[in-house]
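S.K.: Mapping of the sequence shown onto this note's numbering: position 186 corresponds to residue 186, and the numbering continues sequentially without gaps.
No residue lacks a Cβ here, since even glycine has one placed at the ideal position from N, Cα and C.
For reference, the structure I am asking about is given below.
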Amino acid sequence: MWLGLYSGAPVKAADILLPVKAAVPQSSPSSTSGNVAFCVYDMGSNNKETRMGSQRALPEGSLTEEVYNLIKKQHFEEAGIIVKRLLQRFYPSEDKELHHPLLELLGYCLYMMKDFEGAAQVYKRLHEAFPDSAEYKVEAANICCAADIARNHINPAKDYLCLLSLSATDRADCVSLHNKALTIASSDPKESIRMLAKLLEQPSCPPTTIRNLLILYCKHGYVDAAEELLTACSDFPLQELSEYEAGFLKSIILVIMSLANFYCRTGELFKAELLLRRYGDLCSDLTCWRINMGHILFMQKKYATCLAFYAPSIRSAACKEPLQWWEITVMANALAANIILGNLDEAQQLLNVLNAGVEPTATEAITEFQCNNSIPNSCIAKLIIGTLYCAEKCYDYGIKAVIDSLEPLEKAFNTETWYVSQCCFCQFTRD
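Okay, structure coming up:
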């Protein structure tokens, strides 16, 4: 009944890498298929608050100090509110030495809040005020590009970058090349990968380059290259993670799960187990790591060990909350493992929870497909039990349990349940 590794909730186009949700599907899209949410150039990596202070310094004062402290603590929304208040106080100031540094701070805060459109408007104003400033031109173009990439508007994103000179001679051009690579990731993935890999050779390449290169490697099946790059990132610091570092950590976890999924699909279960164990210190507190490790051990028939990994994610009693799809998969595997090991009391407890579990409604389903193709929890439990008894050649009880699992037919019968049932029937006729 194992239905594949998962790496967390599905990636949405507007999110950077993996959004955290309570509901995790039992077979969510991995990074090897579907759309990929890239991370565009992170302005925070440019140490912008320090650079602004050296070029166009704001006047000393408690509010100015508070703004910089909030930015260092990554409290961008609070910092933005103070900057807007300062802008209202000085507006319409003709003093560019004061007014425009505030605008630059506001643009930075809006960007870090992922308000790309707001940040782009601010930098357009700055570029209009300072048309000779290459810095504002580059930043305005890249932020507009970021907004379009986040909304999957690839052609407009390309148009912004066409305004710039795409040479890799300085930091700004590295940023433009990075975002240029993202705009062609769907149409020309090999060239996108080549551009990102070349950027890694530049000391001033955007730090998001590694994240996006890892994603592209996994998406297009460059497993060895992904593992090599992942190994190079194995010393990544885990203490006091910044927003960027937390996102980078999520991308590493995504890659680990994708690589493990690849090894499972090619039958290299032991290699998948070694990979997950190698990063146990990094991922051991994550539900997805524990469950996937349990899945891999279950497929290798290491039932006692797999139960230890499943245990923290298994409900001890039924409750009014519907069982999530990944919970059903975990409990189904745990039920099978307990029956095989002869832990009948534990198996009965799991069976009771599955039978009493509330079925998810259409509005609670992760996707319409999952809702329309789901089967009742009790049917899953009966099918598992019947399959196990048939495997032990106890056909009297096994075939009866399999047939019972297909009732009610309109809910329980689908391609997966029919395939499992057919295997049991064929084995019975052969014996």
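Return helix, strand or coil for Cys452, following the three-state DSSP convention.
M.R.: It is not possible to answer for residue 452, since the shown part of the chain is limited to 1 through 431.
S.K.: So is Leu200 buried or exposed if we call it buried at 16+ other beta carbons inside 10 Å?
M.R.: That one is exposed.
S.K.: Under the rule that 16 or more other beta-carbon atoms within 10 Å means buried, what is Ala134, buried or exposed?
M.R.: Exposed is the call here.
S.K.: Cα separation between Thr153 and Met112?
M.R.: Inspection of the sequence shows that residue 153 is occupied by His rather than by Thr. Their Cα atoms are separated by approximately 20 angstroms.
S.K.: Using only the alpha-carbon positions, how far apart do Cys442 and Pro206 sit?
M.R.: Outside the modelled stretch of the chain, which goes from 1 to 431, sits residue 442, for which no answer is possible.
S.K.: Of the residues Lys400, Thr231, Tyr395, Ala391, which one's Cα is nearest the Cα of Lys382?
M.R.: Closest option to Lys382, Cα to Cα, is Lys400.
S.K.: Taking Cβ to Cβ, would you say Leu344 is nearer than 9 angstroms to Asn338?
M.R.: For Leu344 and Asn338, yes; Cβs fall inside 9 angstroms.
S.K.: Taking the alpha helix (DSSP H) that Cys205 falls in, what are its first and last residues?
M.R.: Premise fails: Cys205 is in no alpha helix (DSSP H) and is neither H nor E.
S.K.: State buried or exposed for Arg277, treating a residue as buried only when at least 16 other CB atoms are found within 10 Å of its CB.
M.R.: Arg277 is exposed by the Cβ-count criterion.
S.K.: So what does DSSP say about Arg151, is it helix, strand or coil?
M.R.: Three-state result, Arg151: coil.
S.K.: Could you compute how far the alpha carbon of Glu346 sits from the alpha carbon of Leu354?
M.R.: So the alpha carbons of these two residues sit roughly 12 angstroms apart.
S.K.: By the 10 Å Cβ neighbour count, where 16 or more other Cβ atoms means buried, how is Gln348 classified, buried or exposed?
M.R.: So Gln348 counts as exposed.
S.K.: What's the C-alpha gap between Phe116 and Cys264?
M.R.: Roughly 39 angstroms between the two C-alpha positions.
S.K.: To which residues of the same chain is Leu196 closer than 8 angstroms at the C-beta, ignoring the five residues directly before and after it?
M.R.: For Leu196, where only same-chain residues beyond five positions count, the Cβ hits under 8 angstroms are His178, Ala181, Thr209, Asn212, Leu213, Leu216.
S.K.: Report back the beta-carbon spacing between Leu259 and Ala226 to the nearest angstrom; my notes put them in contact at under 8 angstroms.
M.R.: At roughly 6 angstroms, the Cβ-Cβ gap stays under 8 angstroms, so Leu259 and Ala226 are in contact.
S.K.: Just to confirm the assignment, what range does the alpha helix (DSSP H) spanning His75 have?
M.R.: From DSSP, His75 is part of no alpha helix (DSSP H); its letter is neither H nor E.
S.K.: Under the assumption that Cys424 contacts Gly386 (Cβ atoms under 8 angstroms), give the Cβ distance between them as a whole number of angstroms.
M.R.: Contact flag correct, Cβ pair sits at about 6 angstroms.
S.K.: Report buried or exposed for Lys411, applying the criterion of at least 16 other Cβ atoms within 10 angstroms of its Cβ.
M.R.: Counting Cβ neighbours within 10 Å, Lys411 comes out exposed, since fewer than 16 surround it.
S.K.: Which of the three DSSP states is assigned to Asn352 in this structure?
M.R.: Here Asn352 sits in helix by DSSP.
S.K.: Starting from Asn292, trace the alpha helix (DSSP H) both ways and give me its first and last residue.
M.R.: Unbroken alpha helix (DSSP H) run through Asn292: 287–299.
S.K.: Alpha carbon to alpha carbon, what distance is there between Lys190 and Glu416?
M.R.: Approximately 36 angstroms, taken between the alpha carbons.
S.K.: Output the distance between the C-alpha atoms of Thr64 and His75, rounded to the nearest integer angstrom.
M.R.: Rounded to the nearest angstrom, the two C-alpha atoms are 14 angstroms apart.
S.K.: Here's the rule: buried if 16 or more other CB atoms are within 10 angstroms of the residue's CB, otherwise exposed. What is Phe270?
M.R.: Burial call: exposed.
S.K.: Apart from the five residues on each side of it in sequence, which residues of its chain come closer than 8 angstroms, Cβ to Cβ, to Glu392?
M.R.: Here the set comprises Gly398.
S.K.: Tell me whether Ala334 is buried or exposed, calling it buried when 16 or more other Cβ atoms sit within 10 Å of its Cβ.
M.R.: It is buried - the Cβ of Ala334 has at least 16 other Cβ atoms within 10 Å.
S.K.: Leaving aside the five residues before and after Val223 along the sequence, list all residues of the same chain whose C-beta is less than 7 angstroms from its C-beta, in chain order.
M.R.: Excluding sequence neighbours, Val223 sits near Leu259, Phe262.
S.K.: Go through the stretch 109–134 residue by residue and report every complete run of the alpha helix (DSSP H) that reaches 4 residues or more, in order.
M.R.: If we require 4 residues or more, the alpha helix (DSSP H) runs fully inside the stretch 109–134 come out as 116–129.
S.K.: Can you give me the C-alpha to C-alpha distance between Ser421 and Val402, rounded to a whole angstrom?
M.R.: Distance between the alpha carbons of Ser421 and Val402 is about 6 angstroms.
S.K.: According to DSSP, simplified to helix, strand and coil, what is Ile256?
M.R.: Ile256: helix per DSSP, three-state reduction.
S.K.: If the criterion is Cβ atoms closer than 9 angstroms, does the pair Ser176 and Asn142 meet it?
M.R.: The answer is yes: Cβ separation under 9 angstroms.
S.K.: Can you tell me whether Leu307 is helix, strand or coil according to DSSP?
M.R.: Reduced to three states, the DSSP call for Leu307 is helix.
S.K.: Taking the Cβ atom as the reference point for each residue, do Leu341 and Tyr303 lie within a distance shorter than 9 angstroms?
M.R.: Going by C-beta atoms, Leu341 is nearer than 9 angstroms to Tyr303.
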